[in-house]
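Just so we're aligned, residue 4 is where the sequence shown starts under the working numbering, counting upward by one. Please read the structure below before turning to the comments.
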Amino acid sequence: MNAISAIPSVNPAFVPTTEAELRACLRSWEWRIFSGQLYKIITKSLDSIGDEVTQVVPFVPNQAQTEFLSTLHTRNVILKARQLGFTTASAIVYLDHAAFNANQRCAIIAHTREDAEAIFRDKVKFAYENLPETLRARMPLKRDSATEILFAHNNSSVRVATSARSGTIHRLHISEMGKIGAKHPEKAVEIVTGSLPAVPDDGIAIIESTAEGTAGEFYKIATKAQHLKEAGKKLTPAEFRFHFFPWWSNPEYTMPSAGVVISPEEHAYFDNVEAEMGCFLTLGQRAWYISKRDTAFSGDVEKMWREYPSTPGECWQKSTEGTYYAPQLARARAEGRMVDEIPHVSNVLMHTFWDIGAGDGTAIWFMQHVGTQERFLRYIEDYGRSYEFFVLQMREMQHKHGYLYGTHFLPHDAGHERQMGKIVGNPANMLRDLAPDWTFVIVPKVETIQHGIEMTRQAFSRAWFSMSGCKAGIEHLSRYQKTWNQRHQFWSDTPLHNEHSEAADSFRQWAQGYDPRIATPGASRMTRSPRQRRGVMI
Numbered sequence: 004m005n006a007i008s009a010i011p012s013v014n015p016a017f018v019p020t021t022e023a024e025l026r027a028c029l030r031s032w033e034w035r036i037f038s039g040q041l042y043k044i045i046t047k048s049l050d051s052i053g054d055e056v057t058q059v060v061p062f063v064p065n066q067a068q069t070e071f072l073s074t075l076h077t078r079n080v081i082l083k084a085r086q087l088g089f090t091t092a093s094a095i096v097y098l099d100h101a102a103f104n105a106n107q108r109c110a111i112i113a114h115t116r117e118d119a120e121a122i123f124r125d126k127v128k129f130a131y132e133n134l135p136e137t138l139r140a141r142m143p144l145k146r147d148s149a150t151e152i153l154f155a156h157n158n159s160s161v162r163v164a165t166s167a168r169s170g171t172i173h174r175l176h177i178s179e180m181g182k183i184g185a186k187h188p189e190k191a192v193e194i195v196t197g198s199l200p201a202v203p204d205d206g207i208a209i210i211e212s213t214a215e216g217t218a219g220e221f222y223k224i225a226t227k228a229q230h231l232k233e234a235g236k237k238l239t240p241a242e243f244r245f246h247f248f249p250w251w252s253n254p255e256y257t258m259p260s261a262g263v264v265i266s267p268e269e270h271a272y273f274d275n276v277e278a279e280m281g282c283f284l285t286l287g288q289r290a291w292y293i294s295k296r297d298t299a300f301s302g303d304v305e306k307m308w309r310e311y312p313s314t315p316g317e318c319w320q321k322s323t324e325g326t327y328y329a330p331q332l333a334r335a336r337a338e339g340r341m342v343d344e345i346p347h348v349s350n351v352l353m354h355t356f357w358d359i360g361a362g363d364g365t366a367i368w369f370m371q372h373v374g375t376q377e378r379f380l381r382y383i384e385d386y387g388r389s390y391e392f393f394v395l396q397m398r399e400m401q402h403k404h405g406y407l408y409g410t411h412f413l414p415h416d417a418g419h420e421r422q423m424g425k426i427v428g429n430p431a432n433m434l435r436d437l438a439p440d441w442t443f444v445i446v447p448k449v450e451t452i453q454h455g456i457e458m459t460r461q462a463f464s465r466a467w468f469s470m471s472g473c474k475a476g477i478e479h480l481s482r483y484q485k486t487w488n489q490r491h492q493f494w495s496d497t498p499l500h501n502e503h504s505e506a507a508d509s510f511r512q513w514a515q516g517y518d519p520r521i522a523t524p525g526a527s528r529m530t531r532s533p534r535q536r537r538g539v540m541i
């Protein structure tokens with residue numbers, strides 16, 4: 004049995020013709036929700052020439068809504084494709100619950116006040132105002148505002164807000180939690196710590212959203228619920244049930260395939276979805292997906308994964324198109340060179356590789372060369388910090404973990420004079436003054452940055468990564484990408500300079516400059532690599 008209480012049931016197809024029959028129907032939750040004879044909603048669609056058409060239609064749960072309501076739990080998290088109508092369904096079900104049950108508090112949370120008021124106006128209030136007149140007369144409102152209605156006959160209410168903390172909430176729906184977490188993370192935390200605890204164990208909470216990245220409260224709740232489902236665990240009232248509704252579960256997402264070109268690679272993608280999800284994708288569905296991707300999102304596959312996912316894992320997936328190191332990272336994972344934690348080996352040199360931005364961030368990788376393995380144990384970064392800050396942080400690591408520093412590899416421009424605040428200085432000399440007992444090497448400049456990137460790709464097979472210390476750095480490497488030429492619609496050879504650049508540039512110093520023959524500890528002077536001393540520009 005789902006979270007809806009056991010109640011007398013009337014076939015939704017039944018049409019009452021007498022007052023007694025109507026009273027019997029109104030006692031049936033199934034009839035009230037599924038018959039289409041009680042509640043009305045506003046729908047929008049496109050006509051034959053592409054203009055938007057608004058219609059008022061009876062509310063009858065669609066296929067996805069019906070499946071969800073049949074498996075409703077006390078705590079629910081929905082990962083979904085767009086436009087499946089879950090907020091509409093909750094608005095109707097919660098209005099119904101408040102109208103037919105005394106002293107109940109129902110709330111819907113949206114990510115902006117404007118969205119909250121629109122949900123209330125166009126879904127909750129509209130459905131109430133379009134009830135049969137005789138029924139509405141029996142259920143007058145004591146309070147009627149832009150965000151709340153309170154029934155006079157039973158003291159139950161429905162309200163909308165951007166958060167809800169006060170008092171008990173018997174029914175709670177959180178719309179687009181992923182967007183709330185992405186744009187207002189503090190609000191998402193407030194919802195988790197304030198709104199959700201206000202729902203009693205026998206109440207119902209629903210969180211629904213499209214995916215918005217692998218971080219934040221929605222990601223935490225959804226992935227935990229998914230793991231519980233995959234483990235087959237019997238849920239407690241406080242644990243979330245995972246519901247996934249892909250684009251292909253909507254029977255409307257299909258179109259004539261004539262004129263839509265589907266490549267062999269795209270057919271292979273759909274075949275893999277069928278194998279993973281146990282579904283069958285018609286040619287019309289495949290054509291719809293390709294058309295939607297190319298017209299609505301200009302071919303951006305990552306947006307399709309987020310807005311119209313085919314599998315649960317795809318929701319969180321990041322596109323590797325245009326990235327530099329995705330194949331190398333994938334191979335490292337496949338070969339077991341990404342380990343949860345690689346221990347530090349005492350008395351083995353710890354080398355570091357730096358990127359020092361002029362007004363940007365500083366990023367540093369820490370590596371031990373053990374046998375044939377070049378092990379990256381740690382990655383640190385920060386913005387707007389002095390060189391002294393990083394030297395002190397590294398001193399602390401040295402004392403805490405027993406690091407024996409070998410060579411610190413700096414980028415080629417570390418020897419250039421630059422404006423730093425109110426002074427003009429040379430980063431390499433400043434670091435030497437801060438740490439005269441350390442050995443610094445300035446890595447020679449490559450002829451082109453593409454040459455350096457190719458050197459890094461070739462060196463990748465030697466690299467091992469400790470995930471516990473390098474997670475942020477690995478994420479940066481996976482997102483380091485080419486610049487998209489919007490005008491000509493292709494990936495250029497120029498790296499995109501963004502928050503992922505420092506990690507990639509510092510990692511590149513390893514491939515360009517590390518030579519175990521010169522990586523010796525204890526020298527206090529500033530040195531250059533043998534290749535640069537020979538005057539070779541690589």
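Just so you know, even glycine gets a beta-carbon here, dropped at the ideal spot from N, CA and C. It should be emphasised that the depicted structure is a prediction, and the values quoted were computed from it without experimental measurement.
TODO: Note down, in chain order, each residue of its chain lying with its Cβ closer than 8 Å to the Cβ of residue 267, except the 5 sequence neighbours on either side.
DONE: Excluding sequence positions up to five before and after residue 267, its CB lies less than 8 Å from no other CB in the same chain.
Open item on the list: Here's the rule: buried if 16 or more other CB atoms are within 10 angstroms of the residue's CB, otherwise exposed. What is residue 138?
Closed with: That one is exposed.
- [ ] Note down, in chain order, each residue of its chain lying with its Cβ closer than 6 Å to the Cβ of residue 174, except the 5 sequence neighbours on either side.
- [x] 97, 100, 109 and 207
Task: residue 158, DSSP secondary structure in three states - done: coil
- [ ] Could you tell me which of 21, 168, 180 and 189 sits nearest to residue 201, measuring between CA atoms?
- [x] 168
Open item on the list: Let me confirm a value: residue 413 is counted as buried when at least 16 other C-beta atoms fall within 10 Å, else exposed. Which label applies?
Closed with: buried
- [ ] Would you mind listing the alpha helix (DSSP H) stretches within the segment 13 to 101 that are 4+ residues and don't spill past its ends, in chain order?
- [x] 22 to 29, 32 to 37 and 66 to 73
- [ ] With a threshold of 16 other CB atoms inside 10 Å of the CB of residue 550, please say whether the residue is buried or exposed.
- [x] Only positions 4 to 541 of the chain appear in this structure, which leaves residue 550 out of reach.
TODO: Please check the pair residue 112 and residue 93, which I expect to be a contact at CB under 8 Å, by giving their CB distance rounded to whole angstroms.
DONE: That pair is no contact at about 11 Å.
TODO: Out of 500, 160 and 247, point me to the one whose CA is closest to residue 171's CA.
DONE: 160
Open item on the list: Do residue 41 and residue 134 count as a contact pair if the criterion is CB distance below 9 Å?
Closed with: yes
Open item on the list: Spatial neighbours of residue 47 within its chain, please: C-beta separation below 6 Å, excluding the five flanking residues on both sides.
Closed with: 55 and 57
Open item on the list: Strictly by DSSP, which residues pair up with residue 352?
Closed with: 407
Open item on the list: So within the segment 142 to 189, which uninterrupted beta strand (DSSP E) runs reach at least 3 residues, ignoring any that extend past its ends?
Closed with: 144 to 147, 151 to 154, 160 to 164 and 174 to 178
Task: Status (buried if at least 16 other CB within 10 Å, exposed otherwise) for residue 419 - done: exposed
Open item on the list: Measuring straight from C-alpha to C-alpha, what distance separates residue 297 and residue 121?
Closed with: 30 Å
Task: Check whether residue 249 and residue 313 have beta carbons under 9 Å apart - done: yes
Task: For residue 198: DSSP bridge partner residues - done: According to DSSP, residue 198 bridges with nothing at all.
Task: Run of the beta strand (DSSP E) containing residue 284, from where it starts to where it stops - done: Where residue 284 is concerned, there is no enclosing beta strand (DSSP E), given that its DSSP letter is neither H nor E.
Open item on the list: Here's a check: name, in chain order, each residue in its chain whose Cβ is nearer than 8 Å to the Cβ of residue 257, leaving out the five neighbours to either side.
Closed with: 285, 287, 288, 290 and 291
Open item on the list: Bridge partners for residue 467 per DSSP, in chain order?
Closed with: As a beta-bridge residue in DSSP terms, residue 467 pairs with 378.
- [ ] State the beta-bridge partners of residue 581 as determined by DSSP.
- [x] Residue 581 falls outside the range modelled here, since the chain spans only 4 to 541, and no answer is possible.
- [ ] Could you tell me whether the segment 303 to 318 touches the segment 439 to 452, using the rule of 3 or more Cβ pairs below 8 Å?
- [x] no
Open item on the list: Per DSSP, what are the beta-bridge partners of residue 267 in this structure?
Closed with: Residue 267 is not bridged to any residue.
TODO: Mind checking who residue 110 pairs with in its DSSP beta bridge?
DONE: 162 and 175
Open item on the list: What residue range does the alpha helix (DSSP H) around residue 210 cover?
Closed with: Note, residue 210: premise wrong, no alpha helix (DSSP H); beta strand (DSSP E) at 207 to 212.
Open item on the list: Per DSSP, what are the beta-bridge partners of residue 248 in this structure?
Closed with: For residue 248, the beta-bridge partners assigned by DSSP are 83.
Task: Distance between residue 60 and residue 70 (C-alpha atoms, nearest Å) - done: 21 Å
Task: Minimum C-alpha distance to residue 330 - residue among 369, 462, 399 and 311 - done: 462
Open item on the list: Please report the distance separating the alpha-carbon of residue 155 from that of residue 20.
Closed with: 28 Å
- [ ] Locate the beta strand (DSSP E) running through residue 443, then write down its first and last residues.
- [x] 442 to 445
- [ ] State yes or no: is the C-beta of residue 340 within less than 9 Å of the C-beta of residue 466?
- [x] yes
Open item on the list: With the cut-off set at 9 Å, would you say residue 262 and residue 222 are in Cβ contact?
Closed with: no
- [ ] Could you check which residue in 105, 25 and 309 has the C-alpha nearest to that of residue 82?
- [x] Looking only at 105, 25 and 309, the smallest Cα-Cα distance to residue 82 is reached by 309.
Task: Rounded Cβ spacing between residue 368 and residue 510 (contact assumed at less than 8 Å) - done: 6 Å
Open item on the list: Along the chain, where does the beta strand (DSSP E) containing residue 485 start, and where does it finish?
Closed with: That run of the beta strand (DSSP E) goes 485 to 488.
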